[in-house]
Structure formats: C-alpha cells, structure tokens
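**Q** Below is one structure. I have some questions about it.
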Amino acid sequence: MKSSGIVALAALLPLALAKPPSPSPGMEERCKQMGDDQTLEYSEKQKRWICVTSGQSDICGTGQDQSTWHKDPITGDYGCCDKGEEWVVDEKNKRQGSCCPKGAIYSFNAAAGEGACCDQGQVFKSGSCTAPGDSGKCLEEVPSGTCGAYLKDARLESLLRTLLVPCFPYGQETLNIFIEYYISILHGGLDIIEIIYKNGCDDPQPSPPSPKPKRHPWWNCGDKEPCRWISLETNDAKKTLAATGTTTKAQLPNPNRFVPDYEYPFNVWLTKSPDDDLDVYIKGKKIQPQASGTSYLIPGGTKATDVKYSSSTGLQVNFYGQCTENTPCIGKSVEPWTVKSVVAPPGKDELEIDVSKYDFDFIFTMTDTSITTEQYTVYADGKKVGMTHGRLTLGDKYNTDHINVQQNGNAPYVIANDGFWGSYLIPKDTEKITVKMTDYEVAGYPWYEWQYRIDRLCDC
1 MKSSGIVALA
11 ALLPLALAKP
21 PSPSPGMEER
31 CKQMGDDQTL
41 EYSEKQKRWI
51 CVTSGQSDIC
61 GTGQDQSTWH
71 KDPITGDYGC
81 CDKGEEWVVD
91 EKNKRQGSCC
101 PKGAIYSFNA
111 AAGEGACCDQ
121 GQVFKSGSCT
131 APGDSGKCLE
141 EVPSGTCGAY
151 LKDARLESLL
161 RTLLVPCFPY
171 GQETLNIFIE
181 YYISILHGGL
191 DIIEIIYKNG
201 CDDPQPSPPS
211 PKPKRHPWWN
221 CGDKEPCRWI
231 SLETNDAKKT
241 LAATGTTTKA
251 QLPNPNRFVP
261 DYEYPFNVWL
271 TKSPDDDLDV
281 YIKGKKIQPQ
291 ASGTSYLIPG
301 GTKATDVKYS
311 SSTGLQVNFY
321 GQCTENTPCI
331 GKSVEPWTVK
341 SVVAPPGKDE
351 LEIDVSKYDF
361 DFIFTMTDTS
371 ITTEQYTVYA
381 DGKKVGMTHG
391 RLTLGDKYNT
401 DHINVQQNGN
411 APYVIANDGF
421 WGSYLIPKDT
431 EKITVKMTDY
441 EVAGYPWYEW
451 QYRIDRLCDC
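For the sequence shown, counting from 1, position 219 maps to 219 in UniProt numbering; every step adds exactly one.
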C-alpha cells in the first residue's frame with residue numbers, strides 16, 4: 001500500500017469508529033410516550049435520532065427539524081419546531097417561548113398573558129407586534145372611562161367568560177362560540193375607534209398585521225376551564241357534598257366509589273357551578289379556584305385524607321382530569337364508553353374497530369376493566385400509537401407490576417384508581433384501530449374485558 005493511502009485511511013479511521021452523539025435530554029422519554037419503549041437509536045444514514053419499532057419513526061414530527069429539539073419550560077414537554085423555525089424565548093421572561101421563523105424574536109406580554117413572534121426590535125402589545133413606544137399621541141390621550149379604554153383591557157375575554165358562565169351552565173360549546181363571535185365584533189369596533197382618535201393628529205395608518213397565533217400542543221386548549229379530560233364519575237354524574245356549616249370542614253369524597261387510603265392518580269379538576277358556596281383545603285391550606293372561579297386543582301399524588309371542604313349550603317361537584325399529553329383535553333363525545341373483550345392465545349387476543357367514517361382527528365381512550373390484569377397496545381392502521389399504563393404519579397407508569405388485579409368496575413372507576421388505561425391522538429383518514437392484549441395474568445375466566453370511547457379534540 002502506498003504511504004499516501006495509509007495516511008488517508010488513518011485520517012478516516014476516527015470517523016468510522018466514532019460513536020453516535022448522546023441523545024438530547026427527553027428524547028428517550030418522548031419515544032416511550034409515542035409507544036416506542038426502549039427503542040431510541042441513532043441513524044448513521046439519516047444522521048439523526050429515530051424511534052424504532054417494527055418500522056421507524058422520526059423523534060420529531062413530519063416537516064420538523066430535529067436540530068430545534070427543546071423543552072418547554074412551562075409544560076415540561078419536549079418537541080421540535082417546523083423547518084424554517086427555531087425555538088426562541090422571551091428576552092425578559094425566560095420561561096416563555098415559542099417556535100418562530102428564523103431571525104424573529106418571541107415577545108411575551110405578561111399583563112395580557114400571551115405573546116407572539118415579532119421582528120427584531122418589536123414588542124408584543126395590545127394584540128400586535130409594534131416598536132417600543134409606538135403608540136400615537138392621540139391614542140395615549142384616550143380618556144379613562146371611554147369605550148376605547150375599556151376595549152383595550154387585555155383581560156377582556158377572561159372577564160367575559162367569567163361573567164357569562166352562569167348564562168351557559170350546560171352548553172360550554174355554545175359559550176365558546178358566543179365568546180369568539182362577540183370578541184370578533186369588539187375587535188372590529190376597536191379598529192374603528194382607534195381610527196377616530198388618530199384622525200385628530202395623524203394620517204390614518206394601515207392596521208398592523210395580526211401576530212402569528214401562539215400554537216399550543218394538540219392535547220391542550222389552554223389553561224382555561226372548561227378545557228379538561230374525561231369525567232372520573234360514572235356517566236358523568238355529579239357527586240353531592242353535604243353542608244358543613246360556616247366553620248366546620250369535612251373530608252372531600254374521592255372520585256367515584258369510596259376507596260380507603262385513596263391517592264389522586266394525576267392532576268384532577270374539582271368543579272362546581274358558579275353560584276355554589278365552596279371552600280377547598282389541602283393539608284389545611286385554602287386553595288383558590290381557577291379559570292372562571294368554578295374549578296379547583298388537586299395535584300396528582302395528593303392523599304384524599306388531606307383534602308377538606310366547607311360549604312354552608314351543600315352542593316354538587318364533579319371530577320375531571322387536567323389536560324396533559326396523557327390526559328388530553330376532549331371536546332364533543334363521538335362514541336360513549338363501549339364494552340369489548342378478547343381471549344388469550346391461541347384464541348383471538350386482538351380486536352379491530354372501524355373508524356373510517358371519521359373525517360377529523362379524534363381522541364381514542366381505552367381501559368382494562370373487569371378484572372384488571374392486562375396491558376394493551378393500540379395501533380392506527382398498523383402503526384403503534386401507544387400502550388396502556390397506570391397512574392401518572394408512578395416512576396414507570398408502563399410497568400405491569402403496578403396493575404391492581406382487584407380493580408373491578410366501569411371505566412371511570414378503574415381510571416380513577418389502579419387499572420391500566422390510555423388516551424391517544426388518532427389522525428383523520430385512519431381506517432381502523434387495532435387493540436391487542438400484549439401482557440396479561442391468567443384469570444379464572446375465558447375472556448378479558450375492556451372499554452373504549454371516542455371524543456373530538458377540544459376547541460376551547
């Protein structure tokens with residue numbers, strides 16, 4: 001071999017032997033959330049990390065750039081940005097960020113509780129990106145108490161929702177549509193008012209472009225009630241709380257049937273009607289209602305004995321899961337809880353559900369029910385979307401050692417306790433869902449029972 005060839009080979013040898021780079025934090029957990037347990041691998045061909053099962057799937061979504069891998073400091077979720085975008089945080093508030101076009105900045109308005117991607121040197125204010133101090137002389141002199149001043153209230157939508165909730169006690173979707181319609185009319189009126197005030201000192205200017213709406217994850221509509229997961233009560237029934245008097249506290253009943261030594265399996269909303277009298281305490285500390293004043297958040301892992309309430313009149317309440325990637329916000333119910341069953345091999349241990357009639361994305365929720373001994377894997381047109389799991393407060397929620405084989409009841413009861421369950425996003429145009437029993441304990445009966453439901457995504 002010529003000496004020049006030896007030198008060339010020596011130069012290439014470190015590259016050939018180099019190990020793939022270590023995965024970024026959160027990638028392995030992301031694979032497990034996608035249902036690809038312990039299958040994160042580095043593809044030399046693609047020069048990127050992929051999740052591998054029977055096939056291969058990118059750790060990022062279609063059209064996304066893996067170099068933008070990031071962790072949302074608010075939700076704790078990992079993800080990627082679309083190609084041509086990058087993850088940007090607000091210069092002053094490092095806990096607020098968004099995927100923005102390259103070269104843009106992210107500006108968060110703390111008073112309004114929202115932000116937008118803006119050009120360099122701009123800030124997000126009054127619903128649009130503007131240069132700092134770029135509010136005309138006439139607009140600064142809008143007298144207090146006028147329509148213009150009221151309509152510039154950044155909390156207008158939240159205020160309207162709080163005021164109008166009593167008018168829509170059973171029609172949350174109707175309330176959402178009304179709010180959206182009303183706000184659009186007010187925005188149009190605000191544009192006219194701004195032009196009227198500006199005509200006295202400035203030439204009318206074209207309206208600034210609307211900021212790019214801040215995207216939110218598929219599983220979350222925002223942090224406002226009534227966006228929430230399914231009810232933990234059978235048939236969405238309300239639970240009655242007896243009156244305690246004004247100075248006495250009583251233990252808050254746990255969701256569904258009474259269970260000794262109960263612990264909440266994940267973050268749960270306790271909800272009431274707007275006019276009901278209720279105070280809630282966790283470990284003796286009074287907690288404040290959120291959103292429209294009708295919802296109290298009980299963190300996962302809280303012991304039922306640590307949650308007290310007081311009410312001078314008594315009332316009815318309900319329990320719902322808080323929106324997370326594992327307990328996603330749901331909208332209108334499409335199919336209610338439906339009972340299915342399979343048998344152990346060599347019998348048929350999987351079942352197919354035809355969903356070809358749905359031309360929209362939806363949430364598929366399923367749970368083992370009577371008696372809880374099994375773990376299931378869910379596929380959409382043959383592609384694995386996830387496995388059933390236990391309570392979200394577990395170190396490894398997929399570990400089947402956590403299955404409580406004494407669970408026996410309907411779906412909400414099992415989910416509220418120690419059965420194995422899961423909620424999954426199913427894309428539109430999916431033809432069929434396959435549910436396969438992949439782990440089980442031999443029981444004294446020939447079949448294994450489970451339930452499922454289908455809901456639209458939330459549109460709050």
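Glycine included, each C-beta is placed from N, C-alpha and C at the ideal position.
Using a Cβ-Cβ distance cut-off of 8 Å, determine whether residue 91 contacts chain D.
**A** Of the chains in the structure shown, none is chain D; there is only one protein chain.
**Q** Which stretch, first to last residue, makes up the alpha helix (DSSP H) that contains residue 413?
**A** Run containing residue 413: 411-415, per the alpha helix (DSSP H) assignment.
**Q** Can you find the residues in the same chain that come closer than 7 Å, C-beta to C-beta, to residue 253, ignoring five residues on each side of it along the sequence?
**A** Taken in chain order, the residues that qualify are 239.
**Q** Below 8 Å between beta carbons: does that hold for residue 310 and residue 249?
**A** Cβ distance < 8 Å, so residue 310 and residue 249 count as in contact.
**Q** With distances taken between CB atoms, is the gap from residue 62 to residue 80 smaller than 8 Å?
**A** For residue 62 and residue 80, no; Cβs fall outside 8 Å.
**Q** Unbroken beta strand (DSSP E) runs of length 3 or more, entirely within the region 230-268: which are they?
**A** Here the runs fully enclosed are 239-241.
**Q** Report all residues from its chain with a CB closer than 8 Å to the CB of residue 115; omit the five preceding and five following residues, and keep chain order.
**A** Excluding sequence neighbours, residue 115 sits near 90, 96, 98, 106, 107, 108, 109, 124 and 214.
**Q** With three or more C-beta pairs closer than 8 Å as the rule, is the region 386-403 touching the region 345-359?
**A** Taking 8 Å as the limit for Cβ pairs, the verdict is that the region 386-403 does not touch the region 345-359.
**Q** Excluding the 5 residues preceding and the 5 following residue 419 in the sequence, name in chain order all residues of the same chain whose CB lies nearer than 6 Å to its CB.
**A** Counting only Cβ-Cβ distances below 6 Å, and skipping sequence neighbours, we find 367, 368, 372 and 407.
**Q** With distances taken Cα to Cα, identify the nearest neighbour of residue 113 among 101, 100, 93 and 131.
**A** Of the listed residues, the one whose Cα sits closest to residue 113 is 93.
**Q** How is residue 455 classed by DSSP in three states: helix, strand or coil?
**A** Strand, per DSSP.
**Q** Taking the beta carbon of residue 445 as the centre, do at least 16 other beta carbons fall within 10 Å, making it buried, or is it exposed?
**A** Counting Cβ neighbours within 10 Å, residue 445 comes out exposed, since fewer than 16 surround it.
**Q** For residue 427, which residues from the same chain have a beta carbon less than 6 Å from its beta carbon, with the 5 sequence-adjacent residues on both sides left out?
**A** For residue 427, where only same-chain residues beyond five positions count, the Cβ hits under 6 Å are 361.
**Q** Are the beta-carbon atoms of residue 49 and residue 66 separated by less than 8 Å?
**A** Contact flag set, yes.
**Q** Could you check the C-alpha separation between residue 325 and residue 339 for me, to the nearest Å?
**A** Each residue's Cα considered, the two are about 25 Å apart.
**Q** Does DSSP put residue 401 in a helix, in a strand, or in coil?
**A** Helix.
**Q** Look at the Cβ atom of residue 227, then the Cβ atom of residue 323, and state whether they are nearer than 8 Å.
**A** Their beta carbons are under 8 Å apart, which means residue 227 touches residue 323 by this criterion.
**Q** State the beta-bridge partners of residue 270 as determined by DSSP.
**A** BP columns for residue 270 point to 296 and 319.
**Q** By how many angstroms is the C-alpha of residue 438 removed from the C-alpha of residue 415?
**A** Straight-line Cα distance between these residues: approximately 19 Å.
**Q** State the DSSP-derived secondary structure class of residue 117, mapped to helix, strand or coil.
**A** Three-state DSSP puts residue 117 in a strand.
**Q** Since residue 312 and residue 243 are thought to touch, with beta carbons under 8 Å apart, how far apart are those beta carbons, to the nearest angstrom?
**A** About 6 Å separates the two Cβ atoms, so the contact holds.
**Q** Between the C-alpha atoms of residue 76 and residue 422, what's the straight-line distance to the nearest angstrom?
**A** Their backbone Cα atoms lie some 20 Å apart in a straight line.
**Q** The beta strand (DSSP E) that contains residue 70, what's its start and end?
**A** From DSSP, the beta strand (DSSP E) with residue 70 extends over 64-71.
**Q** Would you kindly work out how many angstroms separate the C-alpha atoms of residue 318 and residue 424, rounded to a whole number?
**A** Roughly 23 Å separates the two Cα atoms.
**Q** Classify residue 179 as helix, strand or coil using the three-state DSSP reduction.
**A** The answer is helix: DSSP assigns residue 179 an H, G or I state.
**Q** Measuring straight from C-alpha to C-alpha, what distance separates residue 261 and residue 301?
**A** Between residue 261 and residue 301, the C-alpha separation is close to 11 Å.
**Q** Which of the three DSSP states, helix, strand or coil, is assigned to residue 4?
**A** Note that residue 4 scores a pLDDT of 44, beneath 50, so its modelled location is shaky and nothing firm can be said.
**Q** Out of 315, 268, 344 and 305, state which residue places its alpha-carbon closest to the alpha-carbon of residue 278.
**A** Considering only alpha carbons, the answer is 315.
**Q** Thinking residue 459 and residue 176 are a contact (beta carbons under 8 Å), I'd like their distance in whole angstroms, please.
**A** That pair is a contact at about 7 Å.
**Q** Whole angstroms are fine: how far does the CA of residue 330 sit from the CA of residue 220?
**A** Distance between the alpha carbons of residue 220 and residue 330: 9 Å.
**Q** Relative to the C-alpha of residue 350, which candidate in 320, 365, 375 and 276 has its C-alpha closest?
**A** Here the closest residue by C-alpha is 375.
**Q** Assuming the contact rule is C-beta atoms closer than 8 Å, residue 229 and residue 293 should be a hit. Round their C-beta distance to whole Å, please.
**A** Their Cβ separation, rounded to whole angstroms, is 20 Å, which puts residue 229 and residue 293 out of contact at 8 Å.
**Q** For the beta strand (DSSP E) containing residue 109, name the first residue and the last one.
**A** Residue 109 -> beta strand (DSSP E) spans 105-109.
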